[in-house]
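Undergrad: Protein sequences, first through last, are from chains A and B.
FYI, this note's numbering numbers position 268 of the first sequence as 874, with every residue one higher than the one before it.
FYI, this note's numbering numbers position 1 of the second sequence as 607, with every residue one higher than the one before it.
Protein chains: 2
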Amino acid sequence: MPEVLAASTPADWRAPDPDNTLYVELPGGRVVIELAPRFAPLHVANIKRLTRARYFDALSVIRVQDNYVVQWGDPGNRHPIPAGIGKVAPEFDLETAAGMPFTRLPDGDVYAPEVGFSDGLPIARSAALHRTWLAHCYGMVGVGRDLDVESGSGAEMYVVIGHAPRHLDRNVTLVGRVLKGMEVLSGLPRGGAEMGFYTKTEAPTPIKSIRVAADVPPAERSTLEVLRTDSVTFNALIESRRNRPEDFFKTAAGRIDLCNVPIAVREQPPAAHSP
Amino acid sequence: MPEVLAASTPADWRAPDPDNTLYVELPGGRVVIELAPRFAPLHVANIKRLTRARYFDALSVIRVQDNYVVQWGDPGNRHPIPAGIGKVAPEFDLETAAGMPFTRLPDGDVYAPEVGFSDGLPIARSAALHRTWLAHCYGMVGVGRDLDVESGSGAEMYVVIGHAPRHLDRNVTLVGRVLKGMEVLSGLPRGGAEMGFYTKTEAPTPIKSIRVAADVPPAERSTLEVLRTDSVTFNALIESRRNRPEDFFKTAAGRIDLCNVPIAVREQPPAAHSP
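1) Please list the segments of the beta strand (DSSP E) lying wholly inside the stretch 650 to 680 of chain A, counting only runs of 3 or more residues, in order along the chain.
2) So, helix, strand or coil for Ile639 of chain B, using DSSP?
3) Whole beta strand (DSSP E) runs in the stretch 682 to 724 of chain A with 3 or more residues, listed along the chain?
4) Name the two residues that bound the continuous alpha helix (DSSP H) containing Glu609 of chain A.
5) Suppose you measure from the CA of Pro771 of chain A to the CA of Pro688 of chain B; what does that come to, to the nearest Å?
6) So, helix, strand or coil for Gly748 of chain A, using DSSP?
7) List the residues of chain B whose Cβ lies closer than 9 angstroms to the Cβ of Glu697 of chain A, in chain order.
8) Does the beta carbon of Thr829 of chain B come closer than 8 angstroms to any beta carbon on chain A?
9) Starting from the N-terminal side, write out each stretch of the beta strand (DSSP E) that is 3 residues or longer and does not extend beyond the stretch 787 to 859 of chain A.
10) Closest to Leu656 of chain B by CA distance: which of B:Ile862, B:Val766, B:Thr807 and B:Gly690 is it?
11) Using 8 angstroms as the limit for Cβ to Cβ distance, is Leu833 of chain B near chain A?
12) Between the beta-carbon of His742 of chain A and the beta-carbon of Val766 of chain A, is there less than 8 angstroms?
13) Output yes if chain B places a C-beta closer than 8 angstroms to the C-beta of Phe723 of chain A; else output no.
14) Pick out whichever of B:Thr857, B:Asp618, B:Ser815 and B:Met746 has its Cα sitting closest to the Cα of Pro696 of chain A.
15) Using 8 angstroms as the cut-off, can you tell me whether the stretch 714 to 732 of chain A makes contact with the stretch 857 to 869 of chain A, which would need three or more C-beta pairs spanning the two stretches below that distance?
16) With a cut-off of 8 angstroms, does the C-beta of Arg737 of chain B fall near any C-beta of chain A?
17) What residues in its chain sit with their C-beta under 6 angstroms from that of Pro719 of chain A, if we drop five residues either side in the sequence?
18) Quick one: is Met746 of chain B buried, meaning 16 or more other Cβ sit within 10 Å of its Cβ, or exposed?
19) Classify Lys806 of chain B as buried or exposed, calling it buried when 16 or more other Cβ atoms lie within 10 Å of its own Cβ.
20) Is there contact between the stretch 611 to 620 of chain B and the stretch 842 to 850 of chain A, where contact requires at least three CB pairs shorter than 8 angstroms?
21) So Phe854 of chain A contacts chain B; which residues on that side make the cut at Cβ distance below 8 angstroms?
22) Using the DSSP secondary-structure output, state which residues sit across from Ile729 of chain A in a beta bridge.
23) Note down, in chain order, every chain A residue with its Cβ under 9 angstroms from the Cβ of Ser792 of chain B.
24) Is Tyr764 of chain A close to chain B, meaning its C-beta is less than 8 angstroms from at least one C-beta of that chain?
25) Which residue comes first and which comes last in the beta strand (DSSP E) that contains Glu631 of chain A?
26) Identify the continuous beta strand (DSSP E) that holds Val871 of chain A and give its terminal residues.
27) Given a threshold of 16 other Cβ atoms within 10 Å of its Cβ, counted over all protein chains shown, does Arg660 of chain A qualify as buried or as exposed?
Put into structure tokens, the structure is as follows:
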């Protein structure tokens, strides 16, 4: 993988849109989330409105379930959602569009007819259904909901911290992916109550703030770049993971599972100087 | 899942063999590992010899790589392996035996022709190769090795703490599965160096001790039972996860991935009293 990335060109990389990037500031550091407005426009708009209303600041991580999710929200239900921001329709999947980029994986999938990548996100799709959806891989961000499919507002988000819970696909709305800071979430103490919720005697981890990157002074922004999933380099990366060239591997898998493909993120290299 | 388990009978459960169970005592608590002598007899014998020689006591967790593995060993290579305990031949897979229990999953697999469960472990197999092997699911325990396939002695073990790294299947020897205490491992601080190794300024987590359960006074043993993977109840559990009956799920997956099937573990119920 380092060799494949070293051979990349600047055009293989993109900077995430600051207006669709969230910074979740926790005591352990910053978690950077890239939102997915193409897949969940209503939820992304809601989450940005909640963020800009400072709704999340001083709320907490309320649930850490081992091999499953970290979830944040309002532990005591004492913070009403600001007026004018309501629940929105589910965005579990969308109609497959002809122009949507799709880097297809060749090795199949247990859960869906086809899987691959679009816009830097793991996706699944069905030609029979004409539907495309985001897949629950490690680091994907979703919105909690109650039994009613329309109960999700974005006020509670969760991040996958374990083996891909793909049974959640098309059952909840995914809204983005963590680009950096997974270890800030995955190392949190697991909750002692049912489903990993914290008990009354366990101190929930406070959220210092959540901000839209565009609202943060440029000097305080993270300077990340994401490998374009429609680039030749990304395809080379997939191949190097299907058949690992390292001496360590004695039996090449020859195959790869959707959620085992790393979508590379790097610090922006310093601007080139004029000669 | 609670309903399925509530309908189980005592015969659906088994107590792990204390002579093939390890207790890894860390500052955060006990990790219980069930060893797999059927799949890795040489490595299991080595690990028990190392354990009984107190080789692991006062060694450390040396590596925590996010979404991958926790590994323990000798951070400074200052503890030579006791005389007479050497490296053993790789046990990456074994010939498929006619009498080996096999609860086959019906939904296929990206990496192997067939997958399912045997002796409480996730396995894969190939009829063409006549081979069966353990699969790298969350909580599986393997032995680190160097580039040489025969370099593994069992002196360094790792536990999977992320999305199943199935590309490691048939490349390293798996020796067992964590029955209890995954959260003690998965919540450890990630290492800051390459591959999650700890840097010199990061304090490695000490191993207080590792013991074979049979060597621990009965009153100090964990009293766990594992659901038999050849039981009707386990098959019912698989079905209840392929098509979740809970109201929350609007779209049934209708399928399940090997590493998403929970192999249930419970505390031994108190012995029934005579009337």
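Cβ atoms here follow ideal geometry from the backbone N, Cα and C, with glycine treated the same way.
Source: prediction; values computed, not measured.
TA: Working from what's here:
1) 666 to 671 and 675 to 679
2) strand
3) 720 to 724
4) Pro608 to Ala612
5) 43 angstroms
6) strand
7) The contacting residues do not exist; Glu697 of chain A stays about 13 angstroms from chain B at best.
8) no
9) 815 to 818 and 830 to 833
10) B:Gly690
11) no
12) yes
13) no
14) B:Thr857
15) yes
16) no
17) Ser732
18) buried
19) exposed
20) no
21) Leu753 and Asn777
22) A:Gly722 and A:Leu740
23) Asp672, Asn673, Ile767, Gly768, Ser792, Gly793 and Arg796
24) no
25) Thr627 to Leu632
26) Val871 to Glu873
27) exposed
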